[in-house]
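What follows is a short report on a single structure.
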Amino acid sequence: MIPLKQEKILDDQQVDTIFFKVQELLMYHMSFLNTLQMWELTNTVGDKLLDMFSREAVAMCYCTFVDNFSNSERTLETCWNTKSSFQKFCEMKLRMNRNKLPLKALLVQPVQRIPRYELLIKRLLESTPKDYSDHALLVEAESAIHRLALRVNAVHAAGEDENIVDGIRLIEKLLAPAERKDPVCIFMFTDQIVFTVARRRGSQVIKKPIFLRLQSIRGVDAIENIKYKIYHRLGIEAIELESRSEVMLYFF
Numbered sequence: 025m026i027p028l029k030q031e032k033i034l035d036d037q038q039v040d041t042i043f044f045k046v047q048e049l050l051m052y053h054m055s056f057l058n059t060l061q062m063w064e065l066t067n068t069v070g071d072k073l074l075d076m077f078s079r080e081a082v083a084m085c086y087c088t089f090v091d092n093f094s095n096s097e098r099t100l101e102t103c104w105n106t107k108s109s110f111q112k113f114c115e116m117k118l119r120m121n122r123n124k125l126p127l128k129a130l131l132v133q134p135v136q137r138i139p140r141y142e143l144l145i146k147r148l149l150e151s152t153p154k155d156y157s158d159h160a161l162l163v164e165a166e167s168a169i170h171r172l173a174l175r176v177n178a179v180h181a182a183g184e185d186e187n188i189v190d191g192i193r194l195i196e197k198l199l200a201p202a203e204r205k206d207p208v209c210i211f212m213f214t215d216q217i218v219f220t221v222a223r224r225r226g227s228q229v230i231k232k233p234i235f236l237r238l239q240s241i242r243g244v245d246a247i248e249n250i251k252y253k254i255y256h257r258l259g260i261e262a263i264e265l266e267s268r269s270e271v272m273l274y275f276f
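Under this note's numbering, think of the first position of the sequence shown as 25, with each following residue one higher.
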């Protein structure tokens, strides 16, 4: 994070979005590591695990990290595709540390660790006699981590549901009858369909030229002087068309 900001490879906001809550998670786990390093064999370890994973601050940090993860991925992809200096920086770090994972894989590591902690405690419980003082503490610690995993999974599922709902709302907005009727123009290409609507002023259609860039599976197509507002794009294989007299179809 610091080199990216110091060397002005990315904007501060981009860095903060990509690494959202990473610094806080690191702080909590460094503190936990220090606690374990001071641990002695004669002491219990379940209470240390319980103290770490039952904290509300830790749980909230994980949940907000997961809630932002899609933004982090999108920002990372945008920076990778638009900033060659960022690509070179990441590639240099990979060459310097051949055993390291790429940045995208590293960013998901904090969440992937949670179920591993739970499995680790289960293995500890298998080797801990029930009458030993640490057994009950390990059981509580396992429950705390399991609750944390459930909360994180719920946040992740809610994020996926929100993306689905946003897509449905977009389609509903396109298909629902409106109070004002505007002519809908559908541009059909070989691999996708673009839904547009013309703006009106009085009784005339205002055709203000704009520049349209379409992303297709065959590459980037630039089309100039398209005079319609784009509402939605779909892959050609994703829909079925019904012929209607009031819809104008443009074939290219």
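Where is the CB? At the ideal position from N, CA and C, for every residue including glycine.
Proximal residues to residue i (C-beta, below 7 Å), its chain only, five neighbours per side dropped
{"i": "Val176", "result": "Tyr86, Cys87, Val90, Val135 and Ile138"}
{"i": "Phe110", "result": "Ile33, Leu34, Cys103 and Trp104"}
{"i": "Trp63", "result": "Val69 and Lys72"}
{"i": "Ala81", "result": "none"}
Residues near residue i in its chain [Cβ-Cβ closer than 8 Å; skip 5 each side]
{"i": "Lys107", "result": "Ile33 and Leu34"}
{"i": "Cys114", "result": "Trp104, Pro126 and Leu127"}
{"i": "Ser151", "result": "none"}
{"i": "Pro153", "result": "His159"}
{"i": "Gln47", "result": "Met25"}
Environment of residue i [buried if 16+ CB atoms lie within 10 Å]
{"i": "Ser157", "result": "exposed"}
{"i": "Leu131", "result": "buried"}
{"i": "Ile162", "result": "Looking at the sequence provided, one finds Leu at residue 162 rather than Ile. Buried."}
{"i": "Ile169", "result": "buried"}
{"i": "Leu57", "result": "exposed"}
{"i": "Leu65", "result": "exposed"}
{"i": "Pro233", "result": "At Pro233, the pLDDT of 40 sits below 50, so the modelled position is not reliable; the number obtained from the coordinates is stated separately. Exposed, because fewer than 16 other Cβ atoms sit within 10 Å of the Cβ of Pro233."}
{"i": "Leu60", "result": "exposed"}
Residue i: CB within 7 Å of a non-hydrogen atom of the ligand ZN
{"i": "Tyr52", "result": "Inclusion of the ligand ZN in the displayed structure is not the case, the ligand content being empty and no account of it being possible."}
Residue from the options whose Cα sits closest to the Cα of residue i
{"i": "Gln37", "options": "Leu100, Met62 and Gln133", "result": "Leu100"}
{"i": "Ala166", "options": "Phe93, His180, Lys117 and Asp75", "result": "The residue you asked about is not Ala; residue 166 is Glu in the sequence shown. Among Phe93, His180, Lys117 and Asp75, the Cα nearest to that of Glu166 is on Asp75."}
{"i": "Gln133", "options": "Ile26, Lys45 and Glu31", "result": "Lys45"}
{"i": "Leu174", "options": "Phe77, Leu118 and Gln61", "result": "Phe77"}
{"i": "Thr68", "options": "Ala182, Leu172, Leu148 and Cys209", "result": "Leu148"}
{"i": "Asn92", "options": "Thr220, Ala181, Cys209 and Phe211", "result": "Ala181"}
{"i": "Val179", "options": "Leu65, Ala83, Gln47 and Arg79", "result": "Ala83"}
{"i": "Leu49", "options": "Met116, Lys124 and Arg79", "result": "Arg79"}
{"i": "Gly70", "options": "Asn121, Ala160 and Leu118", "result": "Ala160"}
{"i": "Lys117", "options": "Met25, Arg171 and Met212", "result": "Met25"}
{"i": "Glu17", "options": "Ala81, Gln47 and Lys112", "result": "Residue numbering for the chain in the displayed model covers 25 to 276; residue 17 lies beyond these limits and cannot be assessed."}
Close beta carbons around residue i, own chain, < 6 Å, minus the five adjacent residues each side
{"i": "Leu28", "result": "Leu34 and Val39"}
{"i": "Ile42", "result": "Ser96, Thr99 and Leu100"}
{"i": "Arg119", "result": "none"}
{"i": "Arg171", "result": "none"}
{"i": "His72", "result": "Here the sequence assigns Lys to residue 72, which means His is not the residue at that position. Here the set comprises Thr59."}
{"i": "Lys124", "result": "none"}
{"i": "Glu164", "result": "Leu74"}
Could you tell me whether the stretch 142-152 touches the stretch 37-56, where touching means 3 or more Cβ pairs closer than 8 Å?
-> no
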